[in-house]
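Since the structure comes first, as structure tokens, the remarks are kept for the end.
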Amino acid sequence: MVQSVINCLTEAMRNKELKPGDRIPPEPDLAASMGVARSSVREAIKILSYLGVLESKRSEGTFVCSGFQESMIDPMIYGIILNQDSFENLMELREMTEAGIIRLASLKYEEEEGRALEALLEQMKEIVRSGEDTVNRFFQVDNEFHNMISQMGKNPLADKISRVVRTLTYAMRYETVATMINSGRGDELVAAHSQLYETLKNRKLDDVEDIVRATYFGDTIHGAEST
């Protein structure tokens with residue numbers, strides 16, 4: 001019954017019978033029109049609210065959310081965490097996500113954002129040259145670099161998914177940066193980021209999957225790690 005209510009509400013949204021910002025009918029009215037118990041309607045509304053589709057406002061009612069809500073992605077996060085039974089599966093997801101993000105960012109490339117990426121590359125070079133707290137500082141800029149590329153795609157869903165995947169691989173990515181820098185291969189990290197930047201800027205996307213895969217420095221950790 002709960003799933004039936006969810007189906008009816010989402011179908012009404014797809015058909016534009018319910019639009020973003022619209023107030024949905026009160027629970028008693030929905031229950032009567034669908035021939036279900038109020039408890040089923042209440043549970044369906046809870047689920048859709050958790051998914052970021054509906055939002056309840058005290059004393060006003062329940063409304064269809066306007067635009068993308070980050071909570072829409074949260075159930076996917078939990079699903080990935082709970083089903084992380086394969087390192088290879090996670091790496092495949094990361095490769096697909098990174099390659100797709102680069103393609104999207106390249107299509108929507110803007111000079112101002114490109115200059116911001118260049119500035120981050122210069123920071124990476126300076127950090128490697130300085131040798132002071134190198135791992136932590138480099139890893140911070142590394143995250144800023146990839147977050148910038150993700151934002152350049154101007155797609156909030158893709159951006160959120162990219163951040164989720166990077167969060168799930170945080171510890172592995174940090175260990176890779178530490179291994180590369182501590183073994184004197186910091187320049188290779190910078191070169192890998194430079195190649196990603198040039199690929200994005202010049203829209204040389206034919207081999208983007210191979211380029212992304214090549215930055216994983218498979219000989220450092222787990223046989224398939226990345227920056």
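Counting from 1, one number per residue, gives the positions in the sequence shown under this note's numbering.
A virtual CB, placed ideally from N, CA and C, is assigned to each residue, including glycine.
Being a predicted model, the structure only gives us computed values, none of them experimental.
Proximal residues to residue i (C-beta, below 8 Å), its chain only, five neighbours per side dropped
i: residue 62; result: 23, 24, 45, 49, 54, 55, 56
i: residue 138; result: 124, 127, 128, 177, 181, 186, 189
i: residue 155; result: 104
i: residue 221; result: With a pLDDT of 47 at residue 221, under the threshold of 50, the predicted position of this residue should be treated as unreliable, though the coordinate-derived value follows. Cβ neighbours of residue 221 beyond the five flanking positions: 172, 175, 176, 179.
Collapsed DSSP secondary structure at residue i in the structure displayed
i: residue 61; result: strand
i: residue 110; result: coil
i: residue 54; result: strand
7 Å Cβ shell around residue i - same chain, five flanking residues per side excluded
i: residue 11; result: none
i: residue 105; result: 149, 152, 153, 200
i: residue 159; result: 150, 151, 153
i: residue 8; result: 34
For residue i, the first and last residue of its enclosing alpha helix (DSSP H)
i: residue 106; result: 87-107
i: residue 186; result: 186-202
i: residue 178; result: 170-182
i: residue 150; result: 134-152
i: residue 211; result: 208-214
i: residue 30; result: 27-34
i: residue 6; result: 2-14
Residue of the options minimising C-alpha distance to residue i
i: residue 4; options: 185, 16, 217, 35; result: 35
i: residue 173; options: 17, 90, 28; result: 90
i: residue 21; options: 27, 52, 194, 6; result: 52
i: residue 122; options: 29, 193, 217, 212; result: 193
i: residue 197; options: 92, 114, 28; result: 114
i: residue 14; options: 147, 29, 131, 64; result: 64
i: residue 147; options: 161, 134, 16, 135; result: 161
i: residue 184; options: 157, 195, 134; result: 134
i: residue 26; options: 59, 217, 108; result: 59
Nonlocal neighbours in the same chain, by C-beta distance under 6 Å from residue i, ignoring five residues either side
i: residue 31; result: 38, 41
i: residue 110; result: none
i: residue 98; result: 212
i: residue 2; result: 40, 43, 44
i: residue 47; result: none
i: residue 209; result: 99
Three-pair Cβ contact test at 8 Å for the region 162-180 versus the region 116-124: no
Cβ contact check for the region 95-104 and the region 181-189: 3 or more pairs under 8 Å: no
Inter-stretch contact at 8 Å, needing at least 3 Cβ pairs: the region 139-147 / the region 204-217: no
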